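**Student:**
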Amino acid sequence: MSIEVNGLHFSYGKGKKRLTILKDVTFSVGKGEFVGIIGNVGCGKTTLIKHLNGLLVPLSGNVTVDGLASSKKEVCRKVGVLFQQPSKQLFCKTVFEDIAYGPSNFGMKGDELEHCVHDAIEKVGLSSDILGSSPFSLSGGEMRLVALAGVLSSSPDYLVLDEPTSGLSTFYKERLFKTLELLRQNGVGIVLVSHHLEDVLGVADKIVCLNEGKMVFEGTPEEYLSSLSLPAPEITVLMRELSSSGLAVKKTVFSVEDAFNEIVGALSKKRG
Amino acid sequence: MIELKGVSYSYPNGHKVLDNIDIRIEKGSFTTILGDNGSGKSTLIRHMNGLLKPSHGVVSVCGVDTASPTDIWKIRQTVGMVFQDPHSQAVGATVEEDVAFGPENLALESDEIRLLVTNAIANVGLECLEDSLLMSLSGGQLQKTAIAGVLAMVPEILIFDEVTSMLDSDSRSQIIDIVRQLNKRGKTVVYVTHHMEEALFADRVIVLENGSIASDGTPRDVFREIYASGRKVPPHLELAFRLQDAGMISPDVFPVDALSLKEEICPSR
Numbered sequence: 000m001s002i003e004v005n006g007l008h009f010s011y012g013k014g015k016k017r018l019t020i021l022k023d024v025t026f027s028v029g030k031g032e033f034v035g036i037i038g039n040v041g042c043g044k045t046t047l048i049k050h051l052n053g054l055l056v057p058l059s060g061n062v063t064v065d066g067l068a069s070s071k072k073e074v075c076r077k078v079g080v081l082f083q084q085p086s087k088q089l090f091c092k093t094v095f096e097d098i099a100y101g102p103s104n105f106g107m108k109g110d111e112l113e114h115c116v117h118d119a120i121e122k123v124g125l126s127s128d129i130l131g132s133s134p135f136s137l138s139g140g141e142m143r144l145v146a147l148a149g150v151l152s153s154s155p156d157y158l159v160l161d162e163p164t165s166g167l168s169t170f171y172k173e174r175l176f177k178t179l180e181l182l183r184q185n186g187v188g189i190v191l192v193s194h195h196l197e198d199v200l201g202v203a204d205k206i207v208c209l210n211e212g213k214m215v216f217e218g219t220p221e222e223y224l225s226s227l228s229l230p231a232p233e234i235t236v237l238m239r240e241l242s243s244s245g246l247a248v249k250k251t252v253f254s255v256e257d258a259f260n261e262i263v264g265a266l267s268k269k270r271g
Numbered sequence: 000m001i002e003l004k005g006v007s008y009s010y011p012n013g014h015k016v017l018d019n020i021d022i023r024i025e026k027g028s029f030t031t032i033l034g035d036n037g038s039g040k041s042t043l044i045r046h047m048n049g050l051l052k053p054s055h056g057v058v059s060v061c062g063v064d065t066a067s068p069t070d071i072w073k074i075r076q077t078v079g080m081v082f083q084d085p086h087s088q089a090v091g092a093t094v095e096e097d098v099a100f101g102p103e104n105l106a107l108e109s110d111e112i113r114l115l116v117t118n119a120i121a122n123v124g125l126e127c128l129e130d131s132l133l134m135s136l137s138g139g140q141l142q143k144t145a146i147a148g149v150l151a152m153v154p155e156i157l158i159f160d161e162v163t164s165m166l167d168s169d170s171r172s173q174i175i176d177i178v179r180q181l182n183k184r185g186k187t188v189v190y191v192t193h194h195m196e197e198a199l200f201a202d203r204v205i206v207l208e209n210g211s212i213a214s215d216g217t218p219r220d221v222f223r224e225i226y227a228s229g230r231k232v233p234p235h236l237e238l239a240f241r242l243q244d245a246g247m248i249s250p251d252v253f254p255v256d257a258l259s260l261k262e263e264i265c266p267s268r
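If you're matching them up, the sequences are chains A and B in order.
Heads up: the first sequence begins at 0 in numbering that gives the first Met the number 0, then just goes up one per residue.
Heads up: the second sequence begins at 0 in numbering that gives the first Met the number 0, then just goes up one per residue.
#1: Can you check the segment 201–265 of chain A for any beta strand (DSSP E) of at least 3 residues that lies completely inside it and give the ranges in chain order?
#2: Secondary structure at His-86 of chain B, three-state DSSP: helix, strand or coil?
#3: Here's a check: name, in chain order, each residue in its chain whose Cβ is nearer than 7 Å to the Cβ of Asp-18 of chain B, leaving out the five neighbours to either side.
#4: Does the separation of the CB atoms of Glu-126 of chain B and Ile-120 of chain B fall below 8 Å?
#5: Between B:His-86, B:Gln-173, B:Val-63, B:Leu-33, which lies nearest to Gln-76 of chain B when the distance is taken from Cα to Cα?
#6: Output the distance between the C-alpha atoms of Pro-234 of chain B and Glu-263 of chain B, rounded to the nearest integer angstrom.
#7: Anything in chain C within Cβ reach of Tyr-171 of chain A, meaning under 8 Å, just list it in chain order.
#8: Using a Cβ-Cβ cut-off of less than 7 Å, give me the residues of the segment 207–225 of chain B that come near chain A, in sequence order.
#9: Could you name the residues of chain A that Asp-169 of chain B contacts, counting a contact when the two beta carbons are closer than 7 Å?
#10: Should Arg-23 of chain B be labelled buried (16 or more other beta-carbon atoms within 10 Å of its own) or exposed?
#11: Measure the Cβ-Cβ separation of Thr-19 of chain A and Arg-230 of chain B and say whether it is below 8 Å.
#12: Quick one: using the 10 Å Cβ neighbour count with 16 as the cut-off for buried, is Ser-41 of chain B buried or exposed?
#13: Could you tell me which chain A residues have their CB closer than 9 Å to the CB of Lys-143 of chain B, listed as they occur along the chain?
#14: Would Pro-154 of chain B and Val-78 of chain B be called neighbours here (beta carbons separated by less than 8 Å)?
#15: What span of residues does the beta strand (DSSP E) with Asn-19 of chain B cover, start to end?
#16: DSSP has Leu-190 of chain B in a bridge; who is on the other side?
#17: Helix, strand or coil, according to DSSP, for Ile-177 of chain B in the structure here?
#18: Measuring CA to CA, which of A:Gly-43, A:Lys-177, A:Ser-69 is closest to Leu-54 of chain A?
#19: Does any CB atom of chain B fall closer than 8 Å to the CB of Val-199 of chain A?
#20: Taking only three categories from DSSP, how would you classify Ser-214 of chain B?
#21: Is DSSP giving Ala-245 of chain B helix, strand or coil here?
#22: Report the rounded CA-to-CA distance for Ala-203 of chain A versus Thr-219 of chain A, giving the unit in angstroms.
#23: DSSP three-state call for Tyr-10 of chain B: helix, strand or coil?
#24: Between the segment 96–108 of chain A and the segment 176–188 of chain A, do at least 3 Cβ pairs fall closer than 8 Å?
#25: Have a look at Asp-130 of chain B and Leu-114 of chain B and give me their C-alpha separation to the nearest angstrom.
#26: Do Leu-81 of chain A and Asp-161 of chain A count as a contact pair if the criterion is CB distance below 8 Å?
#27: Strictly under 8 Å for the Cβ-Cβ distance: is Phe-259 of chain A near chain B by that measure?
#28: Counting Cβ pairs, one atom from each stretch, are 3 or more of them under 8 Å apart for the segment 81–94 of chain B and the segment 142–149 of chain B?
#29: What I want to know is whether the C-beta of Ala-66 of chain B ends up closer than 7 Å to one or more non-hydrogen atoms of the ligand GTP.
#30: Would you call the segment 91–101 of chain A and the segment 140–148 of chain A touching, i.e. three or more CB-CB distances under 8 Å?
#31: Are the C-beta atoms of His-193 of chain B and some chain A residue less than 8 Å apart?
#32: Under a CB-based cut-off of 8 Å, is His-235 of chain B close to chain A?
#33: Taking Cβ to Cβ, would you say Ser-38 of chain B is nearer than 8 Å to Ser-9 of chain B?
#34: Under the three-state reduction of DSSP, which class applies to Lys-22 of chain A: helix, strand or coil?
#35: Just checking my contact of Lys-26 of chain B with Thr-187 of chain B at CB under 8 Å: how many whole Å lie between their CB atoms?
#36: With DSSP as the reference, label Arg-203 of chain B as helix, strand or coil.
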């Protein structure tokens, strides 16, 4: 059971005006797997994720979800997508109605619906006190988490998040990642699209890196950090610099904890 | 330049967003405002150009009360504001048209408009894209256009509200460089951000918490305070503080980026 992307090509326009966005992209996302998609703005990340739940259909190649072609109606329920601008995903008068919109369209009502909405708001770490408020009266971070609760209320098997941390403070960011970890433990396959490397490297099982629509890397975070041709987190850059200055530290470190231990060890040895 | 005295603000439903804020922004300074979502940052800066009026207290810009209805246009010209989403600020079809929108509305002579537009576009480094359609630009280029649009009004004070939050790291560093250059050339800057590393270059950092000022000081003092309270600071700074506390590097340094920290740990010969 997985999302399979095989030889995906996509372009906008025709003839001379054709603008190719994705070129031969191939990767998979298993149940309970966390895949991070990295790349600068304009590299095709958003176009790629629109293919994962059938919002876009490949011009060539194919995308399947648990064996179904992504254009099948059932795929919409299997793959939940949280877009970058939460305000575009919220449209009801109250937070409750917004979160309930998906499951009620799938026929859920009464106590079951009530329970589902409360469960979703709890999953994202927000208080149920805001259920009666307008989603547009909330702060940017709260709006994003409400939009996520709206996606989770339909219990997707896969969750795709497009730059979910942009505009989120550290407090809400930590809360979001706790929620994602719980979902992953419950077998949800997660695709996180981000240009914040540290966000992705610490949590993903697999990294896919896009550059101008082409996949330039697929592998583990460790393998990603070993490649000198790819953009690296600040701490990794520091460790590489220290290593080339002669300090015996590991170069693929990106967390503060590991960097601290490496540097203290190397400096203590050096200073005797 | 800007002075807030005992400023409180509540929404019509009674929800208090700002509580008794006192801030004085000096001419030529670079002030960064940090705070969690919902801490009142955006509400605070919307008081600084009269977009919002305080429920209690007084806000003045260059000595003029923002509550004065006759002076509000002068205040809005003095204080330019750039917002988070560059798409929502675009009004023209091309870069040049978009930047010219403000000065055209001031009914200036066309030669003067041209000069203002050319200067503003040069200030953000978009000379080669002057005739480009806005719809063909990247997020970073659009945000630079928005900044140029504000600069064309020649404001003395610039307020940036999370202008990099939708941009990738390359565009972010370019925008920060532009803001720093503008400050060096004499503009007073108030910069709101979630990205703590963007606050390291400011003269002063103000942290808002639940509508009140939780910290106010130099980046060095404020970040030490944040770190001491167990909250997150930029990774290289957290590493620097831990190395200082372990006696591995001098307690006096405040590295603004990873490469300056490298020099402290292992100086180049």
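Virtual Cβ for every residue (Gly too), placed ideally from N, Cα, C.
Owing to the predicted nature of the structure, the values given are computational and were not obtained by experimental measurement.
**Tutor:** On the basis of the coordinates in this document:
#1: Taking only runs of at least 3 residues, the beta strand (DSSP E) segments lying wholly in the segment 201–265 of chain A are 205–210, 213–218.
#2: In the structure shown, His-86 of chain B sits in a helix (DSSP, three-state: H, G or I).
#3: Hits under 7 Å: Ser-7, Gly-210, Ser-211.
#4: The Cβ-Cβ distance between Glu-126 of chain B and Ile-120 of chain B falls below 8 Å.
#5: Check the Cα spacing between Gln-76 of chain B and each of B:His-86, B:Gln-173, B:Val-63, B:Leu-33: the tightest is with B:Val-63.
#6: C-alpha separation (whole angstroms): 16 Å.
#7: Of the protein chains in this structure, namely A and B, none is chain C.
#8: So the list is empty, because no residue satisfies the distance condition.
#9: Asn-39, listed in chain order.
#10: With fewer than 16 other Cβ atoms from the protein chains shown falling within 10 Å of its own Cβ, Arg-23 of chain B counts as exposed.
#11: With respect to Arg-230 of chain B, Thr-19 of chain A sits apart: the two C-beta atoms are not nearer than 8 Å.
#12: Under this definition Ser-41 of chain B is a buried residue.
#13: Here the premise fails: no neighbours, minimum Cβ distance about 13 Å.
#14: Yes. Within cutoff.
#15: In this chain, the beta strand (DSSP E) harbouring Asn-19 of chain B covers 15–24.
#16: Residue identity differs from the one stated: residue 190 of chain B is Tyr in this sequence, not Leu. When beta bridges are read from the DSSP output, Tyr-190 of chain B appears opposite B:Thr-31, B:Phe-159.
#17: Reduced to three states, the DSSP call for Ile-177 of chain B is helix.
#18: Answer by Cα proximity: A:Ser-69.
#19: Against chain B, the CB of Val-199 of chain A has no partner CB under 8 Å away; the residue lies outside that interface.
#20: Per DSSP, reduced to three states, the secondary structure at Ser-214 of chain B is strand.
#21: In the structure shown, the three-state DSSP call for Ala-245 of chain B is coil.
#22: Rounded to whole angstroms, the separation of the alpha carbons of Thr-219 of chain A and Ala-203 of chain A is 8 Å.
#23: Coil, per DSSP.
#24: Between the segment 96–108 of chain A and the segment 176–188 of chain A there are fewer than three inter-stretch CB-CB distances shorter than 8 Å, so the stretches are not counted as touching.
#25: Approximately 16 Å between the Cα atoms of the pair.
#26: The criterion of a C-beta distance shorter than 8 Å is satisfied by Asp-161 of chain A and Leu-81 of chain A.
#27: Using a CB distance cut-off of 8 Å, Phe-259 of chain A counts as an interface residue toward chain B.
#28: Under the three-pair Cβ rule at 8 Å, the segment 81–94 of chain B counts as touching the segment 142–149 of chain B.
#29: Of the ligands one can find in the structure shown there are none, so the ligand GTP has no counterpart to examine.
#30: Contact between the segment 91–101 of chain A and the segment 140–148 of chain A is present, because at least three Cβ pairs lie under 8 Å.
#31: Yes - at least one Cβ of chain A is within 8 Å of the one on His-193 of chain B.
#32: So yes, His-235 of chain B belongs to the interface.
#33: No. Outside cutoff.
#34: Correct three-state label for Lys-22 of chain A: strand.
#35: So it is a contact: roughly 6 Å between Cβ atoms.
#36: Arg-203 of chain B: strand per DSSP, three-state reduction.
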